[in-house]
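Per the working numbering, residue 126 is the first one in the sequence shown, and the count goes up by one each step. Let me begin by presenting the structure, written as structure tokens, before commenting on it.
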Amino acid sequence: MPRWLLIANQNTYWIIGLALALMLSAGLFLPRRDLGADRWKVWAATLGVAAIGFGLLELASPWLLKVDGAVTNALHVPALARMGLPAPILIILSLLLLDLLSYATHLMSHQIPWLWRLHKVHHSDTGFDATTALLHHPLESLVITAIQLFVLSVLGLPLIEIVLYGLLVNLHNPFVHSNIRLPEQVDRVLRWFIVTPDMHRVHHSARMDEGNSNFGMLFPWWDWLCRSYRADMAEGQKTGQLGLPGDARAEQPGFVQVLLMPAKAGSRRVQR
Ligand SMILES: [Zn+2]
Numbered sequence: 126m127p128r129w130l131l132i133a134n135q136n137t138y139w140i141i142g143l144a145l146a147l148m149l150s151a152g153l154f155l156p157r158r159d160l161g162a163d164r165w166k167v168w169a170a171t172l173g174v175a176a177i178g179f180g181l182l183e184l185a186s187p188w189l190l191k192v193d194g195a196v197t198n199a200l201h202v203p204a205l206a207r208m209g210l211p212a213p214i215l216i217i218l219s220l221l222l223l224d225l226l227s228y229a230t231h232l233m234s235h236q237i238p239w240l241w242r243l244h245k246v247h248h249s250d251t252g253f254d255a256t257t258a259l260l261h262h263p264l265e266s267l268v269i270t271a272i273q274l275f276v277l278s279v280l281g282l283p284l285i286e287i288v289l290y291g292l293l294v295n296l297h298n299p300f301v302h303s304n305i306r307l308p309e310q311v312d313r314v315l316r317w318f319i320v321t322p323d324m325h326r327v328h329h330s331a332r333m334d335e336g337n338s339n340f341g342m343l344f345p346w347w348d349w350l351c352r353s354y355r356a357d358m359a360e361g362q363k364t365g366q367l368g369l370p371g372d373a374r375a376e377q378p379g380f381v382q383v384l385l386m387p388a389k390a391g392s393r394r395v396q397r
């Protein structure tokens, strides 16, 4: 979800739009799976929900930043940006910390029941293409942004590194959700450094054990270290069922159903 750059840079929308168009086209020319003919219905619902999410974040951002500024002042925590670290070390350290924070909030979204109610919207897509990157409940975007901003204000990370991470995530997110078929060797080499579509598709599996793996956002290393890495789907990338665990819906939820989804107990929470 492109939460990061929204706060820091209004050019976010261009970056997201461009990356989305590129990855959707790549998925159409080199498809990994057959996504069905009525995919446009899913796109319509996803874009509607995403528009509300962006609007809500735009409205809430000044307030969130104000609260976080007050928290930073009250805590008197020494800012990482003012520790006099050499620039390359600061950049690498910041990117690693930001990505670890993404991993942790994603893991929390699967472990804490009320967060899972919001996050399960993202997992409700039984297909998987670049637009899935935008499928998040507006309240989830707001809550996760608030949590991440709070942690960032405590750590005192430099704004420029946050913008850089936001740029990388917004370019990478449509790629990692894309329906693109990468050559096996390319995927194998790439996933040493970044999360690949095949690796993240495992996380969108309807099987609980597979859906409870590969939480990483940009880098795959946290999943290795925390032993949540899973190389592949038992049923295979082309035929393994995607979506919510135990959910045997024949049809994708529409715009209103997606918005109301957190209110329904519905699908089981992913558990460890
Ligand atoms: Zn997830």
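All C-beta atoms, glycine included, are put in the ideal place defined by N, C-alpha and C. Keep in mind it's a predicted model, so treat the numbers as computed, not measured.
Per DSSP, cross-strand counterpart(s) of Gln-156: It should be pointed out that residue 156 corresponds to Pro in this sequence rather than to Gln. Residue pairing of Pro-156 in beta bridges, as defined by DSSP: Ile-305.
Exposure of Met-208, with buried meaning 16 or more beta-carbon neighbours within 10 Å: It is exposed - the Cβ of Met-208 has fewer than 16 other Cβ atoms within 10 Å.
Alpha helix (DSSP H) segment containing His-325, residue limits: Run containing His-325: 322-328, per the alpha helix (DSSP H) assignment.
One or two residues paired with Leu-367 in a DSSP bridge: Ser-330, per the DSSP bridge assignment.
Val-301 vs His-325 beta-carbon contact at 9 Å: Yes; because the gap between Cβ atoms is below 9 Å, this pair is in contact.
Closer than 8 Å: His-328 CB and nearest ligand 1 heavy atom: Because some heavy atom of ligand 1 lies under 8 Å away, the Cβ of His-328 counts as near it: yes.
Cβ-heavy atom distance, Gly-336 to ligand 1, below 8 Å: Yes, the beta carbon of Gly-336 sits closer than 8 Å to at least one heavy atom of ligand 1.
His-302 beta carbon near ligand 1 (any heavy atom closer than 8 Å): In this structure, His-302 has its CB at a distance of at least 8 Å from all heavy atoms of ligand 1.
Three-way DSSP call (helix, strand, coil) for Ala-133 in this model: For Ala-133, the predicted model reports a pLDDT of 48, less than 50, meaning its position is unreliable and no value from the coordinates is stated.
7 Å Cβ shell around Gly-152 - same chain, five flanking residues per side excluded: Counting only Cβ-Cβ distances below 7 Å, and skipping sequence neighbours, we find Asp-254, Ala-255, Ser-303, Asn-304 and Ile-305.
Ala-185 beta carbon less than 9 Å from that of Thr-270: By the CB criterion at 9 Å, Thr-270 and Ala-185 fall inside the cutoff.
Neighbourhood of Thr-321 by C-beta, 6 Å cutoff - its chain only, sequence neighbours within 5 removed: Once the five neighbours on either side are set aside, the close Cβ partners of Thr-321 are Asp-312 and Leu-315.
Pair within 9 Å by beta-carbon distance, Leu-223 and Leu-282: Less than 9 Å separates the beta-carbon of Leu-223 from that of Leu-282.
Three-state class that DSSP yields for Asp-312 in the structure shown: The three-state secondary structure of Asp-312, taken from DSSP, is helix.
Terminal residues of the alpha helix (DSSP H) in which Trp-317 lies: Note, Trp-317: premise wrong, no alpha helix (DSSP H); not H, not E.
C-alpha gap between Asp-323 and Asn-198, whole angstroms: Going from the Cα of Asp-323 to the Cα of Asn-198 covers about 43 Å.
Chain-order list of residues whose beta-carbon lies under 7 Å from that of Leu-155 (same chain, five-residue window excluded): Closer than 7 Å at Cβ, skipping near neighbours: Ile-305 and Arg-306.
DSSP-derived helix/strand/coil call for Phe-380: Per DSSP, reduced to three states, the secondary structure at Phe-380 is helical.
C-beta atoms of Leu-385 and Ser-249 nearer than 9 Å: No, the Cβ-Cβ distance between Leu-385 and Ser-249 is not below 9 Å.
In chain order, each alpha helix (DSSP H) run of at least 4 residues that lies wholly inside the segment 156-223: Runs found: 164-200.
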